[in-house]
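J.: Counting along the sequence shown from 1, when you hit position 37 you're at 49 in the working numbering, and nothing is skipped either side.
From the three backbone atoms N, C-alpha and C, an ideal C-beta is built for every residue, glycine too.
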Amino acid sequence: MSTNTLSKETELRLADLFNNTIDSKSMAKTIRQVNYLLALNVMKNEIGQPETINLEDNFYWLNKLAETLDPYLDAE
């Protein structure tokens, strides 16, 4: 797995976004809702279409982002 480093400007913009603009819990909730709706939509369509082949990875990374913002599934 390769690691990409973010520029300082990108880091500052992300920090500003998540510290001043968006509540991390509500952003994580929104990401989970969108991920759920995407999954429902994919299930309604035919499986195997070229545009749906890589969606599994996209679902994973959206969920990973939501878990980073608000570790809901790791809570005991």
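Is DSSP giving Y48 helix, strand or coil here?
T.: helix
J.: Could you tell me which of L81, Y48 and R25 sits nearest to F71, measuring between CA atoms?
T.: Y48
J.: Considering just the uninterrupted stretch of the alpha helix (DSSP H) at F30, what are its terminal residues?
T.: From DSSP, F30 is part of no alpha helix (DSSP H); its letter is neither H nor E.
J.: Would the segment 35-42 and the segment 76-84 be scored as touching if the rule is three or more Cβ pairs under 8 Å?
T.: yes
J.: By the three-class DSSP mapping on this structure, what secondary structure does S19 have?
T.: coil
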